[in-house]
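Report on one structure; see the data block that follows.
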């Protein structure tokens, strides 16, 4: 393969930079809905792409046949030439030649379809048999193993292996017209073993869905909110993380000004990190999809904006160091600036002390999803409780939190001491590339003045 | 294709092969500058078999045609669900008024021509205000579908699509205003002027920032935002959620729930729209299916398998979400019937309320129950019948099934959204709005 790629990258003429990615992928998915096996299938994918840079203009060509690589490279260079109008600028990184393998604890490619199906069916049955109020389920298993070959015109050749396995357990409970859902999920790069013992999670999902039937809708308004580790993680990913991705501001002077390093951005004890080099988390990878080595990047230190996430282009154009955050969902997409494993560092406050001072607030846990447009963010909790006089009180539902980034990070009042990294099914979406595997985490957090939507 | 079907036919009861070939070319402008051009070729095929009465499915993207797809499909059929249908035996001959979904002018559009369109749009925005950030994508798409099954049915068609999308961003101090919209059509007849006009009008409405108080108030949803209210309804009319009884609308067929002027259709017969095709993705002719008429639920929508189990007929709504997914009930184009009120009449009617144009968190939360709760990403305040400015830090929430009973009026000028949803303005008498107290 190395030869083929080297050959295709010979004589790239007027191009300033060319890279090729080829990918082979096998995947399996199984889906139970209620008592029925809704879907079971196996698929194979094979494809590739060429990205070329000529005088600052990028082109990107994708295809499913490998036989005409040289021609595709030519096509990419030709289109890029059409649009290039300035000087190409990419941060310099050393060329890498390496094979990056992954160790799996029980390789799911060796596990029979029958075994996978029976495991998932068992989780499905646990939920279905939990209570007569359980109306239905959505239990999904998915695994995929990709081998990605990366080569560029600077002499890099990297073979990555990208395994991924998810289990998503959704319980749907119903009482008359009242329908409620709860989800527990798992995502991992570590192999089949991790999926084998999560019966307790299936029970938890069922328990929460049934419990939500009794919950009253939360009353809309402004509250002091305590977030659990999952929501705290979603929160830092959605509300702040996306703003630290340099690709939305590197050519936008007004934005750059807003996000100047050194700006006070949050509560003085807040530290936020993105680190793709942690081993074996969902967002981990030794090199990113531009062949840049990943590392630990402080985004906020003591409440001050100290760093951001880069591709080679954004790093050069902002005169900062590359961070190894250019990631592509697969060969059909170009690498763009993405998070990897993003988290808030531990503080010193115990959970008890975090809630004890709250007279009327909300304890929000788990999540359905989140969304952001830079300044504004919104995310929904999967489970909620009122906090009254410093104690967890009655459950509430439909808790959707929303706010403005610039104020909310300053409104963090207290940071817990119980950081947990969350690896869930699903993933991050940006520029049509979803779901990209990421992990996130946080200790419990207390934030004042958060807008909660409701009746 | 024939070879594969012939081969698989020897091993199973029946089989179908679906093949997709597509080419997408987006020209991207970022911060007012030409940034990149992509050419994306894609081809894949999916095999669905019925083997000993059970369904098997497998797909392959790229690579050479091989028989491994047959083995995998048969392997999955061992655990597959019981088939509630068989593949159609004929795909009826073309009807007289042939559906128009292909425009060769789009396929032949040059990259240089597309660059010029984007540059002209940027020029216009810069003329208005040179400090605005402007991101544009001009995209052309064409695909070819081929279908063949072992029962003798076969069809193929080609479809084109053109899309102009634009985002304008204005940054002042710590205030970021983002306005997004797009125009989409299967025909090469888009007028970029319509898009720039729309965005600049909203920019003008949003010049001031206004405060509102939390509470219930009249809310007008623009066509861009109408999906907030319609998505829960469409989820509830899906034959699959009805069959599983998780839809709150499951037992309500032929029941009148909403006002007389509420009409909703799944319509795959409209020329040059993204959702139209002669057949759905499993060979059933697409049609105009009434979902709701005069506020009364008329039909749920089905694919072959779901219909078979429910004892219904497919409504021509068997859609493949991607080449890797087997058909499931899906909407072709979604058309919400127009009312008789103009947008300006709606605004005039409001003493104090808001307009919602863009939201965050669409489809987030417990959609199937009807519940929605969204951050208003772009919204405006109405005071005494006039739009006075933009609102920030506002959330709307409610239950769509309930709130739509409160419809004061529907707009008389529907607009196509994303090339497949035709929505007018929706005016609700009252909806819960929460905001941050400053």
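Chains as they are written, first to last, in the numbering used here: chain A, 1 to 455; chain B, 1001 to 1438.
Heads up, the beta-carbon is just placed ideally off N, CA and C, and yes, glycines get one too.
Keep in mind the model is a prediction, meaning the values are calculated, not measured.
task: Hey, could you find the ends of the alpha helix (DSSP H) residue 1258 of chain B is sitting in?
output: From DSSP, residue 1258 of chain B is part of no alpha helix (DSSP H); its letter is neither H nor E.
- prompt: The beta strand (DSSP E) with residue 1218 of chain B in it runs from where to where?
  reply: 1215 to 1221
- prompt: With 16 other CB atoms within 10 Å as the buried threshold, where does residue 50 of chain A fall?
  reply: buried
- request: Pick helix, strand or coil for residue 196 of chain A, following the three-state DSSP scheme.
  value: coil
Cβ neighbour criterion (16 or more within 10 Å) applied to residue 45 of chain A: buried
message: Which residues in chain A have a C-beta closer than 8 Å to the C-beta of residue 1248 of chain B? List them in chain order.
response: 177, 179
field: Span of the beta strand (DSSP E), counted from its first residue to its last, around residue 1124 of chain B
entry: Taken as a continuous stretch (DSSP letters only), residue 1124 of chain B belongs to no beta strand (DSSP E), being part of the alpha helix (DSSP H) at 1111 to 1128.
message: Quick check on residue 1368 of chain B - is its C-beta less than 8 Å from some C-beta in chain A?
response: yes
task: Tell whether a beta-carbon distance below 8 Å holds between residue 9 of chain A and residue 153 of chain A.
output: yes
First and last residue of the uninterrupted beta strand (DSSP E) at residue 386 of chain A: 376 to 388
query: Out of A:200, A:28, A:7, which has the shortest C-alpha to C-alpha gap to residue 71 of chain A?
result: A:7
message: Closest to residue 383 of chain A by C-alpha separation, out of A:264, A:273, A:227, would be which residue?
response: A:227
query: Among A:2, A:413, A:277, A:48, which residue has its Cα nearest to the Cα of residue 223 of chain A?
result: A:413
message: Alpha carbons only, please: which of B:1397, B:1230, B:1393, B:1256 is nearest the one belonging to residue 403 of chain A?
response: B:1393
- request: Output the distance between the C-alpha atoms of residue 421 of chain A and residue 342 of chain A, rounded to the nearest integer angstrom.
  value: 9 Å
- request: For residue 1092 of chain B, count neighbouring C-beta atoms within 10 Å of its own C-beta (all shown protein chains included) and say buried if the count is 16 or more, exposed if not.
  value: exposed
- request: Please go through the region 1371 to 1424 of chain B and give each complete alpha helix (DSSP H) segment of 4 or more residues, from N-terminal end onward.
  value: 1400 to 1403
task: Specify the secondary structure class of residue 277 of chain A as computed by DSSP and reduced to three states.
output: coil
message: Taking 8 Å as the threshold (beta carbon to beta carbon), is residue 1079 of chain B in contact with chain A?
response: yes
message: Taking the straight line between their C-alpha atoms, what separation do you get for residue 1378 of chain B and residue 1182 of chain B?
response: 15 Å
message: According to DSSP, is residue 237 of chain A part of a helix, a strand, or is it coil?
response: helix
message: What does DSSP give as the partner residue(s) for residue 226 of chain A in the beta ladder?
response: A:363, A:446
message: If we require 3 or more residues per run, which beta strand (DSSP E) segments fall completely within the region 1219 to 1299 of chain B?
response: 1264 to 1267, 1288 to 1293
- request: Using a Cβ-Cβ cut-off of 8 Å, state whether residue 33 of chain A counts as contacting chain B.
  value: yes
Cβ pair count under 8 Å reaching 3, the region 312 to 319 of chain A against the region 1011 to 1026 of chain B: no
query: What are the boundary residues of the alpha helix (DSSP H) that residue 103 of chain A is part of?
result: Unbroken run through residue 103 of chain A: none, as it is neither H nor E.
- request: Grab the span of the beta strand (DSSP E) containing residue 2 of chain A for me, first residue to last.
  value: Here residue 2 of chain A belongs to no beta strand (DSSP E); instead the alpha helix (DSSP H) covers 2 to 8.
query: Taking the Cβ atom as the reference point for each residue, do residue 1135 of chain B and residue 1031 of chain B lie within a distance shorter than 8 Å?
result: yes
- prompt: Which residues, taken in chain order from the region 236 to 269 of chain A, show a beta carbon closer than 7 Å to some beta carbon of chain B?
  reply: 251, 252, 254, 255, 258
field: Delimiting residues of the alpha helix (DSSP H) encompassing residue 1196 of chain B
entry: 1192 to 1205
message: I need the DSSP call for residue 430 of chain A, collapsed to helix, strand or coil.
response: strand
Straight-line gap, residue 1315 of chain B to residue 1246 of chain B (C-alpha atoms, nearest Å): 20 Å
Coarse secondary structure for residue 1438 of chain B, derived from DSSP in three states: In this prediction, residue 1438 of chain B has a pLDDT of 46, which is less than 50 and means its spatial position is unreliable; nothing more can be read from the coordinates.
field: Rounded Cβ spacing between residue 1058 of chain B and residue 1076 of chain B (contact assumed at less than 8 Å)
entry: 6 Å
- prompt: Quick one: does residue 1438 of chain B have its CB under 8 Å from some CB of chain A?
  reply: With a pLDDT of only 46 at residue 1438 of chain B, under 50, the local geometry of the prediction cannot be trusted, and the value read off the model is given with reservation. So, not an interface residue.
message: Assuming contact is defined by CB atoms lying nearer than 8 Å, are residue 21 of chain A and residue 148 of chain A in contact in what I supplied?
response: yes
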